[in-house]
Every structure is written in structure tokens, then in C-alpha cells.
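Residue numbers (numbering that gives the first Met the number 0), protein chains in the order written: chain A, 0 to 470; chain B, 0 to 470.
We put the CB at the ideal spot given by N, CA and C, even for glycine.
Small disclaimer: the values here were computed from a predicted structure and weren't measured.
Beneath this line is the structure, given in C-alpha cells, with notes to follow.
Number of protein chains: 2
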Amino acid sequence: MKLFDEDLQVLNVGLASFAAAIVDAGGKASQIEWAPPAHGNATIGRALARLVNHQDVEAANRKAYAAYLSSQPILEGIGLAKTTIPGMGRRMLLHAGPPIAWALMCGPMQGAIVGAIILEGWAEDAAGARKLAESGKIKYESCHDYGAVGPMAGIISPSMPVWIVRDGEHGHRTFSNLNEGLGKALRFGANGPEVLTRLGWMAAKLRKVLAVALEVSGPIELKPLIAQALHMGDEVHNRNVAATSLFLKRLAPALLKSKASRSDVAEVVGFIAGNDHFFLNISMAACKAMTDAARGVRLSSMVTAMARNGVEFGIRMSGTGARWFTAPAPLVDGLYFPGYSIADAAPDLGDSAITETAGLGGFAMAAAPAIVNFVGGTPDDAIANTTQMGHITLGRNGGLTLPAMGFAGTPSGIDARRVVDTGICPVINTGIAHKEAGVGQIGAGITYAPLDCFANAVSALAADLPADRGG
Amino acid sequence: MKLFDEDLQVLNVGLASFAAAIVDAGGKASQIEWAPPAHGNATIGRALARLVNHQDVEAANRKAYAAYLSSQPILEGIGLAKTTIPGMGRRMLLHAGPPIAWALMCGPMQGAIVGAIILEGWAEDAAGARKLAESGKIKYESCHDYGAVGPMAGIISPSMPVWIVRDGEHGHRTFSNLNEGLGKALRFGANGPEVLTRLGWMAAKLRKVLAVALEVSGPIELKPLIAQALHMGDEVHNRNVAATSLFLKRLAPALLKSKASRSDVAEVVGFIAGNDHFFLNISMAACKAMTDAARGVRLSSMVTAMARNGVEFGIRMSGTGARWFTAPAPLVDGLYFPGYSIADAAPDLGDSAITETAGLGGFAMAAAPAIVNFVGGTPDDAIANTTQMGHITLGRNGGLTLPAMGFAGTPSGIDARRVVDTGICPVINTGIAHKEAGVGQIGAGITYAPLDCFANAVSALAADLPADRGG
């Protein structure tokens, strides 16, 4: 009976209203925030319980994470998609995110496809292109299924140039298209004459000049370059000004030594110097090389891809191979350009979340305090985001360190189990496209991967576990 | 008598041993660190007391600081010292720091002078050059007296190329020599054939190519460039990797459009791309332009220059014009290259502390957490240094902001009164030269301006005050 004689000391876990009632009645209560995993879904909770601390899962994750850590992405060259990407068909278009049919695609992705069809010469104008696009004669495939990644709409057509990145440690190759710059760009769904003219120049001139320059420079190791950019305020997703400058500093002497004509060199240097996001696509291919190194480890709950097609957000996990786990793509609460708001925005779009999957982008925001001018928030938020991602990742990447956090490695190797267990979802820095085709970028901001993707992934992984013995 | 019945509550200001004695006897005492201004020198203390909160001094400082804030340093061009720097004589050598005679100079400065004499063709070899150097036939002058600044030994000889920076707001010009790169370099006292060959190339080729490129690019505004570099991890004293990259990104397209030959462009781009400190000298000239804007305001205690000749550390103050206040130059406690220690070091050397005078370098260390790999300490120390400098400065420069401190402006406008009052001395990030001529750089680190410079400056300024009325 002593309990009733003493002052009540209450620690309330979960629903805050219980604690509030005690405080309202004049008592004292400390509130601990907690919610049951997977929004209280019992099936997923049970799947999670089987996976947590399971020695086979732990061993698989150690193996997958070690492979990611040892990856050495190297920029090897540049080529045309049709002759470079294995399996790329003649009437095929690659797009960002998990697979999706034409009729279901968001506005900017359809807009980009219309542009790509005209670029390829498969149709004369937008009307003809749209007709062809919905005719069933074009094969649409996910970039990720072809070792590729593309920002925003992520359209890669056969005659577009692509970066070629090789993992020097494990040997696999990844690809990405080339960055067009900000404003009106195909990746944001714009497809007007100036967009197509620039893409034509990129395929003809830019590709050739960069190819001869890379022959002179030789392969460029990307991890040290990204590591240096992290020390210069980039997170190599939405901030690439340092990485682009470092890349240009590496490339310019090679360009000048190459056989490219002086006017071509001037044009190319001017183009790269005028686009602080030029390195983004190289960063993405490097990140895919790093996460692909961790693919296919049976029972590993490490996330190997996060990608959005503007309708669905999808993730892949090492232990479940090429299977996508999807949920509706969220809208992005960000900084909108004057005249636009969230009402104008397409849902989250693009393969660029591969940077977060590799521990960069939003996960490395502590390296890039100045990015808050672009995506919103304060420098303290940037550090808080990185700190929080430490709760859902397998380790710290000692090759990619963050000065503002005492040179700790960036949190990396998203563990789907921990996402579901903590309810902390991966943070993503992203650009925002207008929801209608042909408009372009209207802002940038921060969003979170949907919990359901991870819940479904955890559920699938648990099904692969051998039956519990005596449990 | 109540005092003796109560528990003793002690707040001890100053000498800690009083508090320690109470604690040792079982009592409680809180210690407040404090020391009398100017190490307890009563004369200086009285001078300080007259200056603190003096309305004329406050008004003068507001005027000087506003002039500093409004300065707009612009890189206008490049020229030869002899035809560019007003008053530069034919047999004159400029050096870093306050004026000093040959016989008193430190080893690296003498080494650099020997090299400059051979470079100018005034002597055939080191022995001849040394003989000429001590003959009295060479006029040695302080860079600062000619509107110039030079890092480390800071030797500027008549046929060296110099950057020309103009303050777009106030019209005055400043100058600096060109950065040779790390390792064996004249500024660290090295004077071997490879050093002189490079200096010859810089005067002949580099100067001409940069001159035509600057004609194409037009004048380059330096404050926005420096502001951007601060957002990319530079403090533009010992870390200039971002600023150099941004400068090259600006210059490369102009170089390619200029009439310079392709091989010359390649050589120059390669040289700049290979030297992450290339921007330092431009930064220094920009900083001198900003602090020179604050010169000559009667009764202002704002510091307008800090410079070291390797023997003496000197400062200038707005209210006392061109007069130097000096104290022995300190040794630098830093990170030494393998095989070297503080026993091998020359005392603090160079005009580069003009960056700290302008609120950059050590004052802006919060912008450059990665610099601790070069000068020692931790990223938290970097933020602490910037925070501490806020106690001795007149304001925050809103044009030069620090992301890690919530985009606060960098603390700037050193108030000599506050230095003496608080005992907090300006922090300086600096390179370290070997004490003997001809060796070169042996490390980098952090040092502090000597308090005595500021104490003497305060004393002199008080003497300019009108006699106290009725005080």
C-alpha cells in the first residue's frame, strides 16, 4: 500500500495524452516518445522481431556493408547509351524509379519522354511523340535494371551520352546521363527546342570532347574527390559546387592537352563552369557503384537502392535482390521558387536518392551547412539530420568524413529493420519538378522515404528466414 | 556577526590560489578567471580607462568599421612591380612585416632576398648576392608602406609580377606578389635554381597570360568570391582550395577566349590547378584593400594591419596611421612536417595576418573545420576561435558569413582596446618557415598576436585624446 502514500513518479511511454492527464491533475510525468514499429502492424512487428539480432541477418549485413565500404568507384569514360549500357534496346527508354507504365507516369516523366522521342527522331513533334509514347511501341524500363541512374525523370534514350563508372574493387559498371544544368531541362519534364538543342549538343560535342579529355587524364577515382567535396561544403546530391569545381580542375588540364579544338574546349569548359550541378550525375553513378557492391547478400537487410518515379517510391534491399518495395511517392515540403507552391509540385521523383542510399545527400548534410539556403532549415537541422540517420544505418564510412562532426564517417548502409523499428525514415535532399509536363524545376527541399517500403521489405526478408527452431 | 554563522559563499576573481585554499579547507568557492589589463601595467591600464567608452573613440571606430564594411575589393589586373607599385625603386626590395634592417632579418627573409637579387640579375650567385645584400646598396622597405602585402618573407622585387586590387568603393589600390606553390619557395627562404626558374617563368609567362585573361574576363569582384569560398570550407588564409577552384572556374573560360596560345593556357591552367594556395595572395590584397579603407580615422582604435617580419610582430591602428607598434614575433605551436620541430622554426613571419585583420583566416575558422588537419586542433576549436574573436572585434561582417554559426557574419574590426582589456589576443593561422635560409616550409599552425603591440597602441592613442576636462 506504500505506493499510495508516496508522490507519484510517472514515466509514460507512447501516447502522450496519458502523461498529459496526470500533469493536468497536478502530478508529475515524464513523456518518452515511442510508437510501435510499423504503425502497430502486428504481422510486420512479428517479422521484425524475427529479424532483429538474428545472427544470420547480422552476418549478412556485415558482409554487405563491408562490400559497400570497399567499393572504389572510378570514372572510366563516356559513351552512347545504345552501345554502352548492356541490354539497352533500340526503341527503349530508361526512366527513374521503379518500373511504371506510360499511362501511370507523372507529368514531368511523360514530358521528358516526349522530348526524348523527338530527340531520337522517332517523331517530328510533341503530338506525334505523345502518340508514339502511348502506342505500346516504346519499351519503358527502370534505369536501375540496367545499372543506370538518372536524376528526376531520369530518361536515358539510346543516343544520349552516359558516364561510365567502374567499381575498381568489384568490377561492376554503372551509368548515368549527363547533367543539363538548372532551369528548363529534360529531367524536369521540359522538352522545348532549347532543351532539345542542348541535348543534341551534349550528345555530339560534349560527349566527344569529354571522351578525349578522359583518355588524356586517365580514369578518375571518385571516392577521394567526393571525400574532398564533403570537406568543402557539398553533400554531392543537391550541392555539387565544390565537386564540380574539383572535377573541372582535374579535367581542364587534360582538355587542353587533348586533341579537341580550342573552341570546343572553350565551349565545354564554359558549360561545366556555368553549371554547379554538373557533378551530380557522376556522383549518382559513383553512389550506385558503391551500393551495388552490397547487392545480393542473402538475408541482408541493407538497402541498396532508393528511387522514385514520381508516383511510387521504391527501395531495394541486398537480401531481396532486384525486387522493389514500393509506396506512394510523397510530396516535398521545400523552398519553392517565386510563384510556385506545393500545389504545383509533382511527387518525389528521380534516382538521385541513390546518394542517400550511399550515405551522402541528406545523410551527409552535416558536411553542407550552406545547403539549407537551397533546401530549407538551419545548419543545426543539417547536423541533426545526419545525427538521426546514425540510428538507422549499419556504420560510418571512414572514407567519407564530416568535418563538422569531428571527422566522423558519414552514416551509411541503411538497415531496413532499424527504419521499421525506430520509425525514423531516410532523409532525402531533392529538387522539385512541376507536376505538369514541360514546365521544369519549381523548388528544392527535404523529404523522407515512406515507412511502408521498409515495412514490406522487412516482411519479405523474414519470409526467407529458415523456420524458427522450437520458437 | 551573522556572516560567521552562515555557510561561506565565495566568488573568487583572479588568482586561483585564494579559491583553492578555501576548497582545501573544506569550503566552497567559485573561481572567475580574470587578470588585470595589460598584465597589470598601471600606465596602460590608465590609458585604457580613458579610451573605453570614450564617445570620440566610439564614433571614430564606427566610422572606420563602416568604411571597412563598405569596401569592395576588385581584382583589376596584373603588372610588374616596378611599373605598378607607386614609389617602387629600381634597387628596392619590399619585405613582409614592419621595417627591419638586413643584419637583423631572420634566416628565411635573408634567403629570399638572396634569391630575389639573383633573380633581378644584380648578382651572379648566392655569395655575390649576400655581399650585395649587406652592402647597403639595396633599399629594404616594408610592403605595407607601398600598399603591398606578401606572404611569409614577402619579398617583392622590381621585376616580379603583382596582382592589382582596387577598392571599388573608396578607390585605393593594393598589391601582392603571385603564389609560387608549396614546398621549396622563395617566400619560405628557399632560393635554389628550381625556385628561381619558376619565378622567372611567373614573371615572363604567367603574368602575360593572366593579364590577357583578365582583359577578357574584366575585373573580378573578390568579396562575393571570398564569401562563396567561406561557404565551401575555406578561411582564405591557410585554406584556399575552394577559392582557388572558384577563381580558376572564372578564369579558365577567359583564358580560352584570350589570345594566349593553347600551350600557354595549358601551362597556366596546370600551374593554378596544381596549387591549392594560389588564391592566397589575391585574398591578402583583397583584405588589405578592406582594412586600408578604415585607415586614418583620428582616435579610432581599430587595427588596420598585423604583420610579421620573422623578428618582430607589428600592428597598425586606424587612429595612429602608419606607425607600427611592435613586439617580439612568437614561435608557432603547430603541426610540423616529419623530421622538424619548433626548434627548427623561424618566429612568426609574413603579411598574411592581414587576412585575420580583415576578419578572415583564424577569425573565420568556423567556416573551415577541415583546416584543423593542417594547423592542428579540432573542428570544435575552430568554432571556439571564431567565437572568442567576437569579444575583441567591432562587429560582424554581413557580407562574409559563416554557415556553421547560423550564417553570422565573421567577427571583424579588431579593437585594440578590447584586446588589452580582455587579454584575448587575435588568433592567426599561419605557415611555418625553417629558421635557416634556403630550407623552406616545415609546418603550419596557430599563433596569437602579442599583447604588447596592442598595449603600446592603446597607450599611444590615449596620448592623442584631448586632456580630460575635470577628470
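Taking CB atoms only, Arg197 of chain B has no neighbour in chain A less than 9 angstroms away. Here the alpha carbons of Thr354 of chain A and Leu334 of chain A stand approximately 20 angstroms from one another. In the displayed model, Tyr139 of chain B falls within a strand according to three-state DSSP. The beta carbon of Ser244 of chain A sits closer than 9 angstroms to some beta carbon of chain B. About 5 angstroms separates the CB atoms of Glu75 of chain A and Ile163 of chain A; that is less than 8 angstroms, so the two are in contact.
If only uninterrupted alpha helix (DSSP H) runs of at least 4 residues are considered, those enclosed by the region 218-253 of chain B are 221-229. For the region 246-273 of chain A, the beta-carbon criterion of a distance under 8 angstroms to any beta-carbon of chain B is satisfied by Leu247, Lys248, Arg249, Ala251, Pro252, Leu255, Lys256, Arg261, Val264, Ala265, Val268, Gly269, Ala272. The alpha helix (DSSP H) runs lying completely inside the region 84-145 of chain A and spanning 4 residues or more are 106-119, 125-132, given in chain order. Below the 7 angstroms Cβ cutoff, chain B contributes Gly405 as neighbours of Thr377 of chain A, in chain order.
For Met283 of chain B, the uninterrupted alpha helix (DSSP H) segment begins and ends at 279-291. Look at Ala34 of chain A here: in three-state DSSP terms it is coil, with no helix or strand label. Of the candidates A:Met91, A:Val208, A:Gly313, the residue whose Cα lies closest to the Cα of Phe453 of chain A is A:Gly313. Assigned with DSSP and collapsed to three states, Asp420 of chain A falls in helix. Counting along the chain, the unbroken alpha helix (DSSP H) around Asp380 of chain B starts and ends at 378-388. With a threshold of 9 angstroms between beta carbons, His230 of chain B makes contact with chain A.
Boundaries for Asp414 of chain B: no alpha helix (DSSP H) harbours it, and the DSSP string shows neither H nor E there. For Pro410 of chain B, not one C-beta of chain A is nearer than 9 angstroms to its own C-beta. For Phe174 of chain A, the enclosing beta strand (DSSP E) starts and ends at 172-176. Chain order gives no chain B residues near Pro218 of chain A, where near means a beta carbon separation below 8 angstroms; the closest approach is about 18 angstroms. Contact annotation: the region 261-268 of chain A does not touch the region 273-286 of chain B, with fewer than three C-beta pairs closer than 8 angstroms. Assigned with DSSP and collapsed to three states, Leu205 of chain A falls in helix. Interface residue (Cβ-Cβ distance to chain B less than 9 angstroms): Pro368 of chain A is classified as such.
At a Cβ-Cβ threshold of 9 angstroms, Ala115 of chain B and Gly439 of chain B do not count as neighbours. By the beta-carbon neighbour count (other beta carbons within 10 angstroms, threshold 16), Ser16 of chain A is exposed. For Tyr64 of chain A, the enclosing alpha helix (DSSP H) covers residues 54-69. With contacts defined by Cβ atoms closer than 9 angstroms, Ala80 of chain B and Pro160 of chain B form a contacting pair.
A contact is defined here as three or more CB-CB pairs under 8 angstroms, and the region 82-89 of chain B fails this definition with respect to the region 296-304 of chain B. Under the DSSP definition of a beta bridge, Asp166 of chain B partners with B:Pro72.
For Pro98 of chain B, no chain A residue has a C-beta closer than 9 angstroms to its own C-beta; the minimum C-beta separation is roughly 39 angstroms. When DSSP states are grouped into helix, strand and coil, Ala403 of chain A belongs to the helix group. Counting along the chain, Thr196 of chain B sits inside the alpha helix (DSSP H) bounded by residues 192-200. Counted as a single uninterrupted DSSP element, the beta strand (DSSP E) harbouring Gly442 of chain B occupies residues 440-447. Taking a Cβ-Cβ cut-off of 8 angstroms, the neighbours of Ala241 of chain B in chain A comprise Met231, Gly232, Ala241, Ser244, given in sequence order. Taking C-beta separations shorter than 8 angstroms and ignoring five residues to either side along the sequence, the partners of Leu330 of chain B in its chain run Ile341, Ala344, Pro346, Asp347, Thr446, following chain order. Pairing His236 of chain A with Gly360 of chain A gives a Cβ-Cβ distance under 9 angstroms. Residues of the region 379-405 of chain A with a C-beta atom less than 7 angstroms from some C-beta of chain B are Pro402, Ala403, Gly405, listed in chain order.
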